[in-house]
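Please read the structure below before turning to the comments.
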Amino acid sequence: ALVSTRDHGVVDKNFPSNDFNHMIAYVPLRNDTLWLDCTSEYNTPENIPDMDEDAGALIIFDDRVQLTKIPVSSPERNQTLFKANIVIDEEGTAKVSGKYIATGDDDINLKEIFLSKDDEERRKTIINWLIEFSPDLTLESLSFANLENIHASTVIEFDCTARHYAELTRNRLFFNPNFFHRVIFKSEKPSERKSAVYYSYPFVCNDTITFVVPEKFLPESVRDTVSLCQSFGSFETKAVFSGGQVVYARKRSINQKKIDFSDYGAYYDFMEKIEKLDAAKMVFRK
């Protein structure tokens, strides 16, 4: 199959021309179809590179040709899962034990990033990720699992200390529960936008964090249960306090590689709401 990768442009079937810049294998099966990109080091047969997804392809049979589009992977195939236990003391310092698991295209991205780095470079990369929302942070331990196994999900585990993670003001404690994932949305206003929105691939991002707050602190303002749903994606958050702990869950999904220009107004509103929710802090009172 001749392919015009997504970064190369769109094939116009009504205008005869050589619009292709790549070639992959097409394997028709009885109940399914495999698209195999043999130039990829880390993709499995079930998961082609994201540059091929939704790309125009000219399949060359013995006696005919067929112009089609390569299917887009499902968001459930490209999942990231972040789990953490965060203990906050009365001075606002957080002790964090975290685990990050990636599947599908997210897993491939991790393998491409970290397999080319030595241990010190890997530490620096993880620190740069973590200090985005916790600038005063020390990484104490780091381990990787399944990094060299393309058939298993990469797992990253770490322990760190984040000083000044929470802010103590008199008898109140303030902190943002989004330790790892947080939306910072910068894009044109709907009146200024001229084109569709493209993601590399659909995805699901799941966070579950257990916060342990100092003794005698009770919740004054924790996250309300929120659910946003659009044709192109969804967002959910929930926080439950019990026994000095808050279990905070956050799930964001984008289920389309391309969000049409006609949906941009709804998309802009959707992302602004998520950014506002992600920026809100929890408040505990002694």
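Each residue of the sequence shown is one higher than the one before, starting from 485 at the first, in this note's numbering.
C-beta: ideal position from N, C-alpha, C; glycine also.
Quantities reported herein were computed from a predicted structural model and do not represent experimental measurements.
Using only the alpha-carbon positions, how far apart do residue i and residue j sit?
i, j, result
"Phe745", "Phe754", "14 angstroms"
"Asp602", "Ala586", "20 angstroms"
"Gln729", "Arg769", "14 angstroms"
"Glu537", "Trp613", "27 angstroms"
"Glu651", "Asn662", "15 angstroms"
"Pro674", "Ala578", "39 angstroms"
"His492", "Ile743", "18 angstroms"
"Ile640", "Phe695", "20 angstroms"
"Gly717", "Cys522", "31 angstroms"
"Pro500", "Gln550", "14 angstroms"
"Thr552", "Ile544", "11 angstroms"
"Gly588", "Asn739", "14 angstroms"
"Thr638", "Ala764", "31 angstroms"
"Asp503", "Ala485", "13 angstroms"
"Glu575", "Tyr649", "9 angstroms"
"Arg606", "Leu621", "16 angstroms"
"Cys644", "Gly582", "8 angstroms"
"Glu735", "Ile615", "The displayed chain sequence assigns Lys, not Glu, to residue 735. When rounded, the distance between both Cα atoms is 21 angstroms."
"Tyr685", "Pro512", "23 angstroms"
"Ala733", "Lys678", "35 angstroms"
"Arg647", "Ser618", "8 angstroms"
"Gln714", "Val487", "31 angstroms"
"Ser524", "Ile570", "38 angstroms"
"Glu632", "Asn498", "44 angstroms"
"Phe664", "Tyr526", "25 angstroms"
"Val556", "Ile634", "20 angstroms"
"Pro533", "Asp547", "28 angstroms"
Using alpha carbons as the reference points, say which of the options lies closest to residue i.
i, options, result
"Met507", "Met535, Thr528, Phe499 and Thr517", "Met535"
"Ala629", "Ser618, Lys595, Leu621 and Glu759", "Lys595"
"Thr517", "Thr523, Ser524 and Ala509", "Ala509"
"Leu657", "Val494, Asn569, Ile738 and Leu702", "Leu702"
"Glu704", "Ser737, Glu525, Asn655 and Ser679", "Asn655"
"Phe725", "Glu560, Val767 and Gln714", "Val767"
"Leu520", "Leu761, Ile554 and Val495", "Ile554"
"Thr564", "Thr692, Asn498, Glu756 and Ile634", "Thr692"
"Ile758", "Lys741, Tyr748 and Phe719", "Phe719"
"Phe642", "Val688, Leu599, Leu626 and Phe687", "Leu626"
"Glu560", "Arg707, Glu699, Phe687 and Thr709", "Phe687"
"Arg490", "Val697, Ala539 and Asn527", "Ala539"
"Ala723", "Asn527, Glu756, Lys741 and Asp762", "Asp762"
"Val494", "Val710, Asp573, Arg514 and Tyr682", "Tyr682"
"Tyr584", "Ser600, Asn593, Asp590 and Phe566", "Phe566"
"Ser737", "Tyr748, Pro698 and Asn690", "Asn690"
"Pro698", "Ile592, Ala568, Asp573 and Leu542", "Asp573"
"Lys741", "Asn562, Pro529, Asp546 and Thr609", "Asn562"
"Val706", "Lys700, Val731, Arg514 and Gly727", "Val731"
Consider the C-beta atom of residue i and the heavy atoms of the ligand NAD; say whether any pair is separated by less than 7 angstroms.
i, result
"Lys757", "Absence of the ligand NAD is noted for the structure shown, with no ligands found whatsoever."
Determine which residues share a DSSP beta bridge with residue i and list them.
i, result
"Ser581", "Asn569 and Asp643"
"Ala586", "Thr564 and Thr638"
"Leu657", "Leu652 and Phe768"
"Ser488", "Gly540"
"His506", "Val487"
"Val511", "Leu518"
Measuring only between beta-carbons, confirm whether residue i sits less than 8 angstroms from chain D.
i, result
"Thr523", "Looking for chain D here will not work: only one protein chain is present."
Exercise. Can you give, in chain order, each stretch of the beta strand (DSSP E) that sits fully within the segment 681 to 754 and has at least 3 residues?
Worked result: 687 to 696, 702 to 705, 710 to 714, 717 to 726 and 729 to 738
Problem set entry | Every unbroken alpha helix (DSSP H) inside the segment 514 to 567 [4 residues or more] | none
Exercise. Curious, which full-length alpha helix (DSSP H) runs of at least 4 residues does the segment 604 to 635 contain?
Worked result: none
Problem set entry | Segment contact flag, the segment 749 to 764 with the segment 657 to 673, C-beta cutoff 8 angstroms, min 3 pairs | yes
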